[in-house]
Amino acid sequence: MRREFFSKVNGQHLFSVFYSIKKHKKNEYRKHNHTQTELGFILSGKGEYVLGKKQFSVEKGNLIIVRSNEQHCIPDVESENLVAINIQFSPYFFWNECPNYISYAKIKALVNQEVSIDNLMTDSDMENLFSSLTRLIDQSKNDFLIARKVLEIVCQISDKIDYKEEFKPDTKHLHNVQCAIEYIKENFYKDITLIDIAKSAAMSRSYFSAAFKNVTGISPYNFLLTTRIEKAQELLKNTNKTVMEIAGECGFLSLTSFNKAFKSLIGVTPTIFKNSYR
32 MRREFFSKVN GQHLFSVFYS IKKHKKNEYR KHNHTQTELG FILSGKGEYV LGKKQFSVEK
92 GNLIIVRSNE QHCIPDVESE NLVAINIQFS PYFFWNECPN YISYAKIKAL VNQEVSIDNL
152 MTDSDMENLF SSLTRLIDQS KNDFLIARKV LEIVCQISDK IDYKEEFKPD TKHLHNVQCA
212 IEYIKENFYK DITLIDIAKS AAMSRSYFSA AFKNVTGISP YNFLLTTRIE KAQELLKNTN
272 KTVMEIAGEC GFLSLTSFNK AFKSLIGVTP TIFKNSYR
C-alpha cells in the first residue's frame, strides 16, 4: 500500500512511501523512469540493478538513489524475493521543505541527474534509519513521525554526497514552477505546448525552461513526456484498452509518435510491454 504525504500549509504533495516486491527472475529488462527522485532501500534479497549505463549488484542494506528521469530497472533477482521500501519525492519537498536543513547544492545533487553522485550507498546508520522508518510505517498512523524520519533520512544522505558547487536557485520562481508542474499533471492528455506550460507559470518561454530545469532536474518537455509515459504504463498494465486508445488518452497525436517515445524511454514498444503483463 502506498502512503501519500502532503504539506499541512498548502496541500502540496511532498512524497510517497511504499513497499515493492520483485520475484525471482532473470534478464527481464523492464526499464522505466519517472519525474520524482526515488530512494529504494533493500530490506531483503539479492539482485542486479541497472541505472542508466551503470549496473551493480544489490542486497539487503543497500540504498539506491534515482534522480528525475533516470532510466532504471531490476533485470535479475537471485533470491526468491527482493523486498524494498521506496520513497518518491516531489520537487516541492526538496525546494520548500529542505533548505533549512540541506544546502541548495546538495538539493540540486538529489534532483538533477547531471550531477555526478554515487547512486549506491551502504551504511549502518542508513540501515538503522530505514529500519526505524519501516517500523513507523507498519505500526504508526502518525504522519508527523513518519515525515520527520523521512527528512532525517534525506539529511543523512545529503551529508554523504560529495558535491560542493556554489548554487542557489532563483527562489522567487519556485512557486511558478510548481504551478507549471500542476498544469502538466492536469493537462498531460491534451495537445499542450511549451508556450502553454510557460503561461501557466506566468513566465516567458526562454526564462521558464531554465528555471524549470533548475527545480525539477529535467526540461519541461521531458517532464511532460515522462508524465505521459508513466500514465501509459499504468494503463497498459491495468486495463484492456488498446495501444491506440492509450496513446490518445495520454496526449499522443499518433500511434507512431507514441511508439517512438515509449520505446525511447522504456526500451520496448507499448505492445511488447502490454503483453509482458498478460
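So the sequence shown is numbered by this note's numbering: it starts at 32 and just counts up by one.
Glycine residues also receive a C-beta, built at the ideal position from the N, C-alpha and C atoms.
Given the structure is predicted, the values throughout are model-derived calculations rather than measurements.
Residue burial classification, residue i (beta-carbon count within 10 angstroms, cutoff 16)
i	result
A229	buried
D107	buried
I226	exposed
S237	exposed
M275	exposed
Q264	buried
I52	exposed
N143	buried
H55	exposed
I303	exposed
Y252	exposed
A233	exposed
V40	exposed
T68	buried
A241	exposed
K244	buried
F87	exposed
Q170	exposed
M32	exposed
R34	exposed
C207	The sequence shown places Asn at residue 207, not Cys. So N207 ends up on the buried side.
N100	buried
S231	buried
N64	buried
T66	buried
Limits of the unbroken beta strand (DSSP E) element including residue i
i	result
M311	The first residue shown for the chain is 32 and the last is 309, placing residue 311 beyond what the model contains.
L94	93-97
P106	103-120
Nearest neighbour of residue i, chosen from the options [CA to CA]
i	options	result
L255	V81, A232, I215, L141	I215
N159	K180, C129, S38	K180
V114	G248, G78, D169, A263	G78
R166	D222, L74, L205, N150	L74
E197	G83, S240, I138	I138
I269	T224, Y308, V208	The residue asked about is misnamed: residue 269 is Asn in this sequence, not Ile. Of the candidates T224, Y308, V208, the one whose C-alpha sits nearest the C-alpha of N269 is Y308.
Q43	Q86, S235, P122	P122
I249	K291, F72, Q102, D190	Q102
M152	G279, D222, K291, G71	G71
E213	T258, N93, I192, S235	T258
I188	V81, I148, Q170, S163	I148
I105	Q119, I133, S99, G76	G76
V246	S47, G92, Q209, K191	Q209
S155	S288, Y220, K191, G279	K191
T224	G83, F283, K195	F283
S134	V146, Y194, V81, L82	Y194
F293	L141, E261, E280, E111	E261
C186	P200, S235, F125	F125
N150	V89, K272, A136	V89
N93	E111, N64, N117	N117
N306	F219, L266, L286, E280	L266
Q119	V97, A136, N271	V97
K91	V81, G83, K84, E109	E109
I168	F37, V48, E111	V48
Extent of the continuous alpha helix (DSSP H) run through residue i
i	result
C186	174-191
Y206	In the sequence as displayed, the identity of residue 206 is His instead of Tyr. From DSSP, the alpha helix (DSSP H) with H206 extends over 205-218.
V299	Neither: V299 is in no alpha helix (DSSP H) and is coded neither H nor E.
I314	Since the first and last residues shown for the chain are 32 and 309, residue 314 lies out of range.
Check: residue i C-beta below 7 Å from any heavy atom of the ligand ZN
i	result
E183	Of the ligands one can find in the structure shown there are none, so the ligand ZN has no counterpart to examine.
Chain B within 8 Å of residue i, Cβ atoms only
i	result
R34	Within the model displayed, chain B is absent; a lone protein chain is all it includes.
Say whether the segment 295-307 touches the segment 52-72, bearing in mind that this needs 3 or more beta-carbon pairs closer than 8 Å, one atom from each stretch. Touching, per the Cβ criterion.
Beta strand (DSSP E) runs contained entirely in the segment 36-96, provided each spans 3 or more residues: 44-56, 68-75, 77-82, 85-90
Counting Cβ pairs closer than 8 Å, one from the segment 163-174 and one from the segment 123-131, do we hit at least three? no
Which runs of the alpha helix (DSSP H) fall wholly inside the segment 225-292 and span at least 4 residues, in chain order? 225-231, 236-247, 251-269, 274-280
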